[in-house]
Amino acid sequence: MTKNSKSPVYVTIGDSVSKNHVFLNSIITNPNINVGDYTFYHDLVDPLNFENYNAAYFPSAMSEQLTIGKYCSIAHGVLFMSSVVNHHMDGSTFPFAVLWGAEKTGYDYYFPQKGNTLIGNDVWIGCEAAIMPGVTIGDGAIIGARSVVTKDVEPYTIVAGNPAKKIRHRFDTETTQQLLTLKWWDWPNDIVIANASHIVKNNIEELLKITPLRN
Ligand SMILES: CC(C)(COP(=O)(O)OP(=O)(O)OC[C@H]1O[C@@H](n2cnc3c(N)ncnc32)[C@H](O)[C@@H]1OP(=O)(O)O)[C@@H](O)C(=O)NCCC(=O)NCCS
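Quick note, the sequence shown lines up with residues 4 to 218 if you use the numbering used here.
Here is the structure:
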């Protein structure tokens, strides 16, 4: 992956390397977390803590996974929850079996699982949003600051609030379909950069002319 940066980890903004922005996949070590190229995380304190704070609930010993696509923007304090750390809810929620073992407490470990969390490409997640377990967020979606996302979010849709509700679709159905077919995020990065102004302005006519699409 060709980064924009003088550093393999931090993002370069203007002429300086920002110690508050990281290309996420350069710092992930947990096999249960997969992040696509160019997705960055901004943290007001220390973005290197992402795995230990923002996505701390995907232990490698468990099976639930977090997948984040390419070219996503993840703002400060976003939390990704899993369900593998849920407590029993049939009686006391105190984790006796975890603290004293299943044999002594007569109760097995069992964590009802909601499945993997999947974030698409070109998703912008606002400051301190919480993405709850098992949710799928479609390509091009926007999540409002401090939202709590409990349900799947359709591609190119803006959601906000707690629980997050649809504010609006970003584009009409035809445009959304064209963007989902274009999948510009899968193009070579130099082509993406050369066409960034068309991508940002949603100039689909120009994007349709680009060579990789014809292959
Ligand atoms: C979601 C967001 C992009 C919507 O922006 P917008 O399209 O300009 O939306 P508006 O301000 O016109 O608000 C539209 C409606 O959504 C509501 N709304 C907007 N953001 C909201 C949020 N974070 N939580 C709850 N409701 C929200 C507004 O109250 C308004 O409701 P109404 O129609 O009932 O009056 C923006 O509000 C937001 O949260 N941005 C994230 C900012 C951020 O975290 N930046 C971090 C640095 S990158």
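Note that beta-carbon positions come from the ideal geometry of N, C-alpha and C, so glycine has one too.
According to the DSSP assignment, Leu210 belongs to the alpha helix (DSSP H) that extends over Ile207 to Leu211. DSSP places Asn192 in the helix class (H, G or I) of the three-state scheme. Shown here for Gly129: same chain residues with a beta carbon closer than 6 Å to its own, the five before and five after excluded, namely Ala78, Ile146, Gly147 and Ala148 in chain order.
Under the 8 Å Cβ criterion, the stretch 84-92 does not count as touching the stretch 42-51, having fewer than three qualifying pairs. In the assembly as shown, Lys73 is a buried residue. Its beta-carbon has 16 or more other beta-carbons within 10 Å. In this structure, the CA atom of Val156 is about 43 Å from the CA atom of Lys107.
The shortest C-alpha to C-alpha distance from Ile134 to any of Asp142, Thr153 and Lys212 is the one to Thr153.
Each of His172, Leu82, Glu208 and Leu69 was checked against the Cα of Thr139, and the nearest Cα belongs to Leu69. The continuous alpha helix (DSSP H) containing Ala199 extends over residues Ala199 to Lys204. Between the beta-carbon of Ile213 and that of Asn192 there is about 13 Å, and that puts the pair past the 8 Å contact cut.
Using a cutoff of 8 Å, the CB of Trp127 counts as near ligand 1, since one of the ligand's heavy atoms is closer than that.
The secondary-structure analysis by DSSP pairs Leu27 with nothing; it has no beta-bridge partner. Annotation for Phe99: no beta strand (DSSP E) segment contains it, though the alpha helix (DSSP H) segment containing it runs Phe99 to Trp103. Of Gln180, Leu183, Thr32 and Ile161, the smallest CA-CA separation from Arg173 is found for Ile161.
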